[in-house]
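Novice: Below are the C-alpha cells for one structure; questions will follow.
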Amino acid sequence: MHDTLAHLKKGERAVIMDVSSNLIPLKLLEMGCLPGNSVELVQVAPFSDPMYLNINGSHLAIRKETAIHILIEKVANE
Amino acid sequence: MSKQINVALIGNPNTGKTSVFNALTGLNQKVGNYPGITVEKKEGICKLPRGVKAHIIDLPGTYSLNASSLDENVVIELLLNKNDKDFPDIAVVVTDVENLKRNLLLFTQIKDLEIPTILVINMADRMSRKGISLDIAYLETHLKTKIALTSTRKKEGIDNLKELISNYKEISTQPCLDTTTIDLSYFDSLKKAFPNQLLYKLWLVITQDVNFGKTDRKEINAVNDFKTKSKTDLKRLQQKETIKRYQFINNVLKKGQTIDLSQAKDLRIKLDRIITHKVWGYLIFGIILLLIFQAIYDWSEVPMDFIDGIFASLSEWTKNILPKGAFTNLIAEGIIPGLGGIVIFIPQIAFLFLFISVLEESGYMSRVVFLMDRVMRRFGLSGKSIVPLISGTACAIPAVMATRNIENWKERLITILVTPFTTCSARLPVYLIIISLVIPKGRFLGLSYQALTLMLLYLIGFATAVFSAYILNKILKIKSRTFFVIEMPNYKLPLLKNVALTVVEKTKSFVFGAGKIILAISIILWFLASYGPGENFNNAEDIIRTKFATDNLSDNDLQQKIASYKLENSFIGITGRAIEPVIRPLGYDWKIGIAIISSFAAREVFVGTLATIYSVGNDDEATIKNRMAAEVNPILGGPLFTFASGISLLLFYAFAMQCMSTLAIVKRETNSWKWPILQLTIMSTFAYIVALLAFQFLK
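Listed below in C-alpha cells is the structure:
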C-alpha cells in the first residue's frame, strides 16, 4: 500500500508510483505527473490545500482532491 | 514579387512566446477575434532576409495538442486544417530553457503532424544562472529541427530566428514519434482503413472533442466510425502516448542538456516560501491591492481633470465657431459631452490594466490564485476567479473573458454570473457625481466621508459578488468534475514593451467599444429631447407666453420656462413621464428615469445623458453638477438629489445589470441566452428592491 501525494509534508520528496488515469486530467500528466518522476512539496496553502509541487522540474499547484489519486513512495531526505 | 509565408507561433504559457512575437513584429501587429468566438487572434507582419515577408500568428498558449479549453481548440483546429488560409508553412515552437523537458512535449506533437517546425529556446540569458548547458548540434540532429537560442530580454537571437524562418524549405518534416508504437494493433488497423492519412492526425481527430467546424467534414465523419474504443481506453492510450513522448525527450536531453545543480540558484522557491506563506502571503497581497487602488485614484486625478476641462472648452468653442442651429447643438450638446464621458475614463482604465498586466507578467498572479483557491472554493468559486474579480474593477467584459482558464464549468459559470457585481470603472463617474452631491464634505479620522463612501461601494460590490456566488453554489445543480492545475511560473521582471502593448490594446478596445455605443446613444437622446409630437411641443412658446403673460417674467426666466416645457413634451419627456410612477418610490424624477433607461446600454451613459437632457435649451456654462444640484423635486419641492434619493441611486447602480456589452459577452461565453437573461432580471430586481428600501427608510 502506497501513500498518496496528499500525505506528503512540506519539504518532503517522493517518487510517483502510479496515477489513476481515469481521475487525473490528461493535462496534469502532460505537465509531468507520470510514474517514475520525482515530486517535492514546496508549499501548502492553509488547510494544506491547494498544494504547491515541484514535479520533475515543473512548478505547479493542484488541489488535495486531485492529490489523493496520485500514489507515491517517499524518499528520505539526504 | 515578394512572397508571404504563414508562420504559426506556438508554445506553452509563460515561455515568453508573446515577447518573441512582439520582437518579430514590433508595432506591425493587430489583435482581432477568431470568427464566432472571443478568443483573441494576434497576428503581425515581419520582414525577413531576402525579401521574404512572414505573416505571423501568435496562437494561444497551450501545454499540448490535447485541447482542454476554447483557446487551445484554436491551435489544434488551425493545425489540422490544411485549407485554412492561415495554415502555417512553418511552425515556430517557443520553449523556456528552464522547462525544456516539459515544453518539448508540445514540440514533438507538432513535429508529428509533419509540419516544418523550428525550435526556439527562449530566455537563454538565464542558462548560466541555472547551470544549464546545451549541445545545440546534438539537439538539432536528434529533434530533427533547427534551433534558435533567443533572449527577448537582451534582444538576442531574433535575427538568427528570422534567418531560419526564411529558409523554411530546408526544415525537416520528419516526425519524432512513430505513432504506431502507442498501440500496434489499433494503429495498424487504423492505417489500413485510411491508408492516405497521417496517423497522428487521425489519432488527434479521434481523441479530441473539438468542434471541427472548419475542417473537412467528410474526412471526420469517416473517422467517427472508427471510435470503437471506449473513452477510458482512449485515455489510457493517451497516457501511454505521453509516457512515450517523455521517454523520447528524456533520451535526447540526456546527452543534449547538462544541468549543473550546484550552479543553479532557485530564487523562485526562496521567494515562494514568503510570497505564498500562510500569513505573509496574504499580508503582501493585501498591501499590493491597497497600493493599486491608492495609485489609481491618486494618479488619475490630474489627467481626468485635464480631460474634463478640454471637453468643456471644446463644447464651448464649437458653439462659438459654428453657426447657430440644430446641427451645432447636436455636436456641442449631444456628441461632445457624450464622448467626454468616455474619454475621461482613459487614465483609470489604463492604470488598472497597467497593474493587472504587471501582476500577470511577473508571475505573481499565479501565487494569488494559489493563496485564494481554498477561500474562494467556500463560495463556489475557484482560486482562478480572483483574476476576473480583480479585473472586473476595470471592466466586466475582459473579466468575463478571463474566466476561460477556470477548468471547472460550475466554478466558471458562477464566476461569470457574479463578476458584474464588482465595481467596474463605468460605475465610477456615476458614483463620483452623486457622492459629491449628497455626501457631506467632513472628515473622519482624516479620511473624507466622500472617499469612505466610495470605498464602501467597492466593498459592497465585492461582498455581493462573493455572497451571491455562495447562493448560486447552493442552488445550481451542475455536475462537473473538479480539477485544478495551475503552473507557478518563474518570477520575471515584466518587459516594458509587453506591458505597454497590453495597456494600449486594452484601453483602445474599451474606448472604441464603449465609444460607439455612447456616441449613438447621445445622438438618439439629443433628437428625442429636441423634438416632440403634437401641438404641445410645437406651440410651446405660445402656450408659455400666454400662461405667464400677466406674471411679468424676465426674458431669461421666460426662455427657461419655454425650454423646460418643450423638454417635458418632447419624445423623451413623454416616455420619461410614462415610466415615472415606477421609479418615483425610489426617489427619482423622470429625467433620472431616462438616464437609467439609457444606462442599460452602458452605465457610463448616465452622466452623459443627464448632461444632454439638462443642457438642451440651456445656454449657460454651468457644470452638470451645478445643474443637478439645482433640480427640484416635482412633488415634494426641495432639491431632487437628497441624501435619501442619492443613496438609493448609488445602490441601484451598484447592483443593477446595466451593460449590454457584458450581457453579449456572457451570452457568447456561456453559449446560451439563459444565463445573461437570468443575470439581467435577478440583478435588476434586486437593485430595484434595495434602492426602494433605502429611499423609503432614509427619506
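Protein chains in written order, with our numbering: chain A, 990 to 1067; chain B, 10 to 708. Heads up, the beta-carbon is just placed ideally off N, CA and C, and yes, glycines get one too. On a predicted model such as this, the values are computed, not experimentally measured, just so you know.
#1: V84 of chain B: which of B:S477, B:A703, B:L18 sits nearest, CA to CA?
#2: Should the stretch 336-356 of chain B be regarded as contacting the stretch 302-321 of chain B, the criterion being three or more beta carbon pairs within less than 8 Å?
#3: Using a 10 Å radius around the Cβ and a threshold of 16 neighbouring Cβ atoms, would you call R387 of chain B buried or exposed?
#4: What does DSSP give as the partner residues of Y1041 of chain A in its beta bridges?
#5: For the stretch 1029-1042 of chain A, enumerate the residues whose C-beta is nearer than 7 Å to any C-beta of chain B, in chain order.
#6: Let me check understanding here. Comparing Cα to Cα, which of B:D275, B:I252, B:I533 lies closest to L339 of chain B?
#7: Which full runs of the beta strand (DSSP E) of 3+ residues lie inside the stretch 487-541 of chain B, going along the chain?
#8: Helix or strand or just coil, what does DSSP make of V102 of chain B?
#9: In three-state DSSP terms, what is T189 of chain B?
#10: Quick check on DSSP: helix, strand or coil for G584 of chain B?
#11: V288 of chain B by DSSP, collapsed to three states: which one?
#12: Leaving aside the five residues before and after R636 of chain B along the sequence, list all residues of the same chain whose C-beta is less than 6 Å from its C-beta, in chain order.
#13: What residue does the alpha helix (DSSP H) around R383 of chain B start on, and which one ends it?
#14: Can you give the Cα-Cα distance for S539 of chain B and G343 of chain B, rounded to whole angstroms?
#15: Whose CA, out of B:T189, B:W326, B:L186, B:I141, lies closest to the CA of S271 of chain B?
#16: With DSSP run on the structure shown, which of helix, strand or coil describes V40 of chain B?
#17: Could one say the Cβ of H1048 of chain A lies closer than 8 Å to chain B's Cβ atoms, at least one of them?
#18: Using CA atoms only, rank isn't needed, just tell me which of B:S608, B:W682, B:P648, B:Q569 is closest to D598 of chain B.
#19: Verify the CB distance criterion: does I947 of chain A have a CB-CB separation below 8 Å to chain B?
#20: Check the Cβ-Cβ distances between T327 of chain B and every residue of chain A, and say whether any is below 8 Å.
#21: Quick one: is N75 of chain B near chain A, going by C-beta distance under 8 Å?
#22: Which chain A residues are close to M497 of chain B, counting only those with a beta carbon under 7 Å from its beta carbon?
#23: CB-CB under 8 Å to D713 of chain B, same chain, minus the five flanking residues each way: which ones, in chain order?
#24: Taking contact to mean at least 3 C-beta pairs separated by less than 8 Å, is the stretch 1013-1025 of chain A in contact with the stretch 239-250 of chain B?
#25: When you compare only the Cα positions, how much space is there between T584 of chain B and G290 of chain B?
#26: Can you name the residues of chain A whose CB is closer than 7 Å to the CB of P492 of chain B?
#27: Just curious, the beta strand (DSSP E) that L158 of chain B is in, first and last residue?
#28: Expressed to the nearest angstrom, what Euclidean distance is found between the alpha-carbon atoms of A1065 of chain A and M410 of chain B?
#29: Quick one: which chain A residues come within Cβ less than 9 Å of D382 of chain B?
#30: Tell whether a beta-carbon distance below 8 Å holds between A696 of chain B and F661 of chain B.
#31: Under a Cβ-count criterion, where at least 16 other Cβ atoms within 10 Å of its own Cβ denotes burial, should E1062 of chain A be classed as buried or exposed?
#32: Can you find the residues in the same chain that come closer than 6 Å, C-beta to C-beta, to P312 of chain B, ignoring five residues on each side of it along the sequence?
#33: Tell me whether K26 of chain B is buried or exposed, calling it buried when 16 or more other Cβ atoms sit within 10 Å of its Cβ.
#34: On the three-state DSSP scale, how would you describe K1013 of chain A?
#35: Taking any Cβ of chain B, which residues in the stretch 1017-1029 of chain A have a Cβ under 7 Å from it, in chain order?
#36: Compute the distance between the beta-carbons of S1047 of chain A and N131 of chain B, then report whether it is under 8 Å.
Specialist: To lay it out plainly:
#1: Nearest of B:S477, B:A703, B:L18 to V84 of chain B, Cα basis: B:L18.
#2: Yes, the stretch 336-356 of chain B touches the stretch 302-321 of chain B.
#3: It is exposed - the Cβ of R387 of chain B has fewer than 16 other Cβ atoms within 10 Å.
#4: Beta-bridge partners assigned by DSSP to Y1041 of chain A: A:Q1032, A:A1050.
#5: Residues V1031, Q1032, A1034, P1035, F1036, D1038, P1039, Y1041.
#6: L339 of chain B has its Cα closest to that of B:I533, out of B:D275, B:I252, B:I533.
#7: Entirely contained in the stretch 487-541 of chain B, the beta strand (DSSP E) runs reaching 3 residues are, in chain order, 494-496.
#8: Note: V102 of chain B maps to strand in three-state DSSP.
#9: In the structure shown, T189 of chain B sits in a helix (DSSP, three-state: H, G or I).
#10: Going by the sequence as given, residue 584 of chain B is Thr instead of Gly. Taken through DSSP and simplified to helix, strand or coil, T584 of chain B comes out as helix.
#11: Coil.
#12: So the list reads Y623, once near-sequence residues are dropped.
#13: Following the DSSP letters along the chain, one finds R383 of chain B inside the alpha helix (DSSP H) bounded by residues 373-387.
#14: Taking the CA atoms as reference points, S539 of chain B sits about 10 Å from G343 of chain B.
#15: S271 of chain B has its Cα closest to that of B:I141, out of B:T189, B:W326, B:L186, B:I141.
#16: Residue state for V40 of chain B is assigned as strand, using DSSP reduced to three classes.
#17: Chain B has a Cβ within less than 8 Å of the Cβ of H1048 of chain A.
#18: With distances taken between Cα atoms, D598 of chain B lies closest to B:P648.
#19: With chain A running from 990 to 1067 in the structure shown, residue 947 of chain A is simply not present.
#20: Answer no: the Cβ-Cβ gap between T327 of chain B and chain A never drops below 8 Å.
#21: Residue contact with chain A for N75 of chain B: present (Cβ-Cβ distance below 8 Å to some residue of chain A).
#22: Near M497 of chain B (Cβ distances below 7 Å), the residues of chain A are Y1041, H1048, L1049, A1050.
#23: Missing from the structure shown is residue 713 of chain B; chain B here goes from 10 to 708 and no further.
#24: Taking a cut-off of 8 Å on C-beta distances, the stretch 1013-1025 of chain A touches the stretch 239-250 of chain B, as three or more cross pairs fall below it.
#25: Approximately 54 Å, taken between the alpha carbons.
#26: As written in the sequence, residue 492 of chain B is Phe, which differs from the Pro given in the question. Residues of chain A passing the Cβ test: P1014, T1055.
#27: Segment 155-158, the beta strand (DSSP E) holding L158 of chain B.
#28: A straight-line Cα-Cα distance of about 45 Å links A1065 of chain A and M410 of chain B.
#29: Those are A1034, D1038, P1039, A1050, R1052, listed as they occur along chain A.
#30: Taking a C-beta distance under 8 Å as the contact criterion, A696 of chain B and F661 of chain B qualify as a contact pair.
#31: Looking at its Cβ environment, which holds fewer than 16 other Cβ atoms inside 10 Å, E1062 of chain A is exposed.
#32: Excluding the 5 residues flanking it on each side, P312 of chain B has same chain C-beta neighbours closer than 6 Å at P356, in chain order.
#33: Buried, because 16 or more other Cβ atoms sit within 10 Å of the Cβ of K26 of chain B.
#34: Here residue 1013 of chain A is Ile; the residue named in the question, Lys, does not match the sequence. I1013 of chain A: coil per DSSP, three-state reduction.
#35: Taking a C-beta cut-off of 7 Å against chain B, the contacting residues of the stretch 1017-1029 of chain A are L1017, L1018, E1019, M1020, G1021, L1023, listed in chain order.
#36: Not closer than 8 Å, so no.
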